[in-house]
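Asker: Can you read through this structure? Questions will come right after.
Numbering (the numbering used here), first residue to last: 38 to 548.
See the structure below:
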């Protein structure tokens with residue numbers, strides 16, 4: 038495994054939960070962090086001034102302080118290139134730095150630039166730099182980039198932060214200086230409004246969204262059903278109405294997964310850049326960013342993206358399975374995608390006609406995918422270079438859970454469903470046991486049989502089988518039929534689900 042891929046796996050939230058890691062008992066001083074958005078005399082934010090003060094720390098490797106920033110992070114490039122005016126000082130004065138860089142990672146996955154001190158340092162150490170916001174028109178990707186919008190800035194820590202790499206500071210105390218942005222501006226992060234404390238190593242700051250400037254907020258203070266949101270930009274739909282809907286959805290999801298205990302607080306971040314790249318939606322721990330084209334942009338509709346927000350909020354409950362991304366995103370994304378569709382129908386958040394349309398989109402994306410017979414390891418190497426291929430594990434997982442529902446119902450004479458099985462799986466993880474591929478296979482074998490485990494391995498991981506879900510996999514209202522599917526002028530054999538005559542709408546959501 039490459040050094041860069043280790044960085045990604047350790048830090049990818051929404052897919053994996055980030056552990057704080059051990060803290061030396063000898064270290065009691067937190068890292069002091071100050072963020073100051075600056076406008077350089079103009080109207081728009083041009084950079085974030087970052088100051089890091091380390092009163093004391095132990096080095097976890099080597100005898101020289103190492104700093105790092107991503108060169109590329111999930112398809113977003115140029116992050117380390119936008120670090121300027123970097124200075125590192127201790128009591129002896131300015132510390133020289135030697136720069137090195139990881140080998141580029143395939144598929145747009147993260148790799149890092151490293152700044153290593155030319156001499157041993159003595160604490161306290163002061164680090165200061167400017168991180169330029171991402172320019173308009175750069176290569177698109179998930180919205181980790183820090184963008185200047187509406188006299189403010191919004192993005193992820195991974196999109197602008199250079200941080201100490203090999204120190205064991207027990208926590209980061211974060212402060213804001215908003216003196217150079219509009220009066221009445223707010224600062225918000227995945228960890229709270231305004232100043233906050235974050236336990237664990239400095240790298241955890243990369244796993245946060247940040248809003249700074251004259252942002253909208255819902256509700257005005259606090260949260261509703263555990264959810265709140267902030268946004269910057271002129272949206273093609275009403276952001277406050279979307280947030281109101283989202284609070285209802287989040288409360289409903291908590292009811293469906295009540296066996297997991299109290300729902301974690303969830304924070305929504307939204308932005309509408311005036312210039313491309315516009316789109317993207319990505320989760321980080323207990324938070325989510327939605328990026329969209331602004332109001333009036335040609336080619337973009339005005340429908341609220343409720344399905345996307347439903348999906349991202351569901352991540353808080355479905356969670357992840359332990360292991361590399363190649364082995365696990367069928368679960369984190371596939372299970373979440375499956376329940377996004379099922380629970381939207383059951384909760385009355387979509388119509389039966391919309392449900393049929395969605396399950397047929399999933400089937401189309403699966404059967405027409407050029408990577409249909411690729412292994413999960415081959416797919417992960419493509420990464421952000423091809424989004425259609427990158428999302429195939431999502432579809433594999435989604436169709437798998439539909440098939441498992443049919444099998445579990447048949448094996449139990451209707452006494453159990455995939456909901457009961459998923460509850461067992463998520464409770465297993467919630468009780469502190471390691472849910473990895475071996476544990477998953479054991480649980481699946483106990484629920485059904487070895488044949489179902491073999492199906493999982495062949496279809497989801499190895500790509501040596503093609504999944505044909507059972508006729509009733511999507512409920513009593515729909516039946517499967519063979520179909521010739523088209524994509525980009527090519528035809529593919531596949532399946533679609535059509536309405537079964539004589540079954541009323543009221544039966545479609547009864548599971």
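Ideal Cβ placement from N, Cα and C applies to all residues, glycine included. This structure is a prediction, so every number in the text was calculated from the model and none was measured.
Is the beta carbon of residue 178 sitting closer than 8 Å to the one on residue 112?
Answerer: In this structure, residue 112 lies closer than 8 Å to residue 178 by Cβ.
Asker: Going by DSSP, which residues form a beta bridge with residue 250?
Answerer: Answer by DSSP bridge pairing, in chain order: 223.
Asker: What are the boundary residues of the beta strand (DSSP E) that includes residue 36?
Answerer: Residue 36 is absent from the structure shown; the chain starts at 38 and stops at 548.
Asker: Could you please give me the residues that DSSP links to residue 151 through a beta bridge?
Answerer: Its beta-bridge partners are 105, 137.
Asker: For the beta strand (DSSP E) that contains residue 268, what are its first and last residues?
Answerer: Looking at the DSSP string, the run of the beta strand (DSSP E) that includes residue 268 is 264–270.
Asker: Check whether the Cβ atoms of residue 247 and residue 317 sit closer than 8 Å, and answer yes or no.
Answerer: Not a contact, by the Cβ cut-off of 8 Å.
Asker: Can at least three beta-carbon pairs, one atom from the stretch 434–447 and one from the stretch 506–522, be found at a separation below 8 Å?
Answerer: Touching, yes, given that three or more Cβ pairs across the two stretches are closer than 8 Å.
Asker: Which of the three DSSP states, helix, strand or coil, is assigned to residue 242?
Answerer: Reduced to three states, the DSSP call for residue 242 is helix.
Asker: Within the same chain, show all residues whose beta-carbon is closer than 6 Å to that of residue 383, passing over the 5 residues directly before and after it, in chain order.
Answerer: Closer than 6 Å at Cβ, skipping near neighbours: 546.
Asker: Could you spell out the range, first to last residue, of the beta strand (DSSP E) harbouring residue 274?
Answerer: Counting along the chain, residue 274 falls outside any beta strand (DSSP E), and DSSP gives it neither H nor E.
Asker: Residue 112 CB to nearest chain B CB: under 8 Å?
Answerer: You won't find chain B in this structure, because it holds only one protein chain.
Asker: Residue 190: buried (16+ other C-beta within 10 angstroms of its C-beta) or exposed?
Answerer: Flag for residue 190 reads buried.
Asker: Alpha carbon to alpha carbon, how far is residue 363 from residue 413? Give it in angstroms, no decimals.
Answerer: Residue 413 and residue 363: Cα-Cα distance of roughly 5 Å.
Asker: Give the straight-line distance between the Cα atoms of residue 206 and residue 231, rounded to the nearest whole angstrom.
Answerer: Cα-Cα distance, rounded: 21 Å.
Asker: Along the chain, where does the beta strand (DSSP E) containing residue 210 start, and where does it finish?
Answerer: Taken as a continuous stretch (DSSP letters only), the beta strand (DSSP E) holding residue 210 covers 208–213.
Asker: Cβ-heavy atom distance between residue 78 and the ligand ATP below 7 Å?
Answerer: With respect to small molecules bound, the structure shown includes none, and the ligand ATP cannot be examined in it.
Asker: Nearest by alpha-carbon distance to residue 542: which of 212, 389, 309 is it?
Answerer: Measuring from the Cα of residue 542, the nearest candidate turns out to be 389.
Asker: Apart from the five residues on each side of it in sequence, which residues of its chain come closer than 8 Å, Cβ to Cβ, to residue 518?
Answerer: Once the five neighbours on either side are set aside, the close Cβ partners of residue 518 are 532, 533, 534, 535.
Asker: For residue 467, which option in 257, 299, 258 has the closest C-alpha, if you only look at C-alpha atoms?
Answerer: Here the closest residue by C-alpha is 299.
Asker: Using a 10 Å radius around the Cβ and a threshold of 16 neighbouring Cβ atoms, would you call residue 426 buried or exposed?
Answerer: Buried: at least 16 other Cβ atoms inside 10 Å.
Asker: From residue 544 to residue 393, what distance separates their C-alpha atoms?
Answerer: Going from the Cα of residue 544 to the Cα of residue 393 covers about 14 Å.
Asker: Determine the direct distance from the alpha carbon of residue 292 to that of residue 346, and round the result to whole angstroms.
Answerer: So the two alpha carbons sit approximately 17 Å from each other.
Asker: State the Cα-Cα distance for the pair residue 174 and residue 537, rounded to the nearest angstrom.
Answerer: Roughly 48 Å separates the two Cα atoms.
Asker: Could you tell me the alpha carbon to alpha carbon distance between residue 238 and residue 380, rounded to whole angstroms?
Answerer: Between residue 238 and residue 380, the C-alpha separation is close to 37 Å.
Asker: Taking DSSP as the reference, what is the three-state secondary structure of residue 158?
Answerer: Looking at residue 158 - three-state DSSP - the assignment turns out to be coil, as it is neither helix nor strand.
Asker: Can you tell me whether residue 354 is helix, strand or coil according to DSSP?
Answerer: If DSSP states are grouped into helix, strand and coil, residue 354 belongs with the helices.
Asker: Is the number of C-beta pairs between the stretch 76–89 and the stretch 162–173 that are closer than 8 Å three or more?
Answerer: Taking 8 Å as the limit for Cβ pairs, the verdict is that the stretch 162–173 does touch the stretch 76–89.
Asker: What residue does the alpha helix (DSSP H) around residue 234 start on, and which one ends it?
Answerer: Unbroken run through residue 234 is the beta strand (DSSP E), 233–236; no alpha helix (DSSP H).
Asker: Across which residues does DSSP place residue 319 in a beta bridge pair?
Answerer: Beta-bridge pairing links residue 319 to 326.
Asker: How long is the line joining the alpha carbons of residue 308 and residue 272, rounded to whole angstroms?
Answerer: The straight-line gap from Cα to Cα measures roughly 8 Å.
Asker: Helix or strand or just coil, what does DSSP make of residue 126?
Answerer: Strand.
Asker: When you compare only the Cα positions, how much space is there between residue 521 and residue 505?
Answerer: One C-alpha to the other measures close to 14 Å.
Asker: Please confirm whether residue 328 and residue 304 have their CB atoms less than 8 Å apart.
Answerer: Not in contact: residue 328 and residue 304 (Cβ atoms no closer than 8 Å).
Asker: Start and end of the alpha helix (DSSP H) containing residue 439?
Answerer: Element bounds for residue 439: 429–448.
Asker: Quick one: what's got a C-beta closer than 7 Å to residue 296's C-beta in the same chain, skipping five residues either side?
Answerer: Counting only Cβ-Cβ distances below 7 Å, and skipping sequence neighbours, we find 460, 464.
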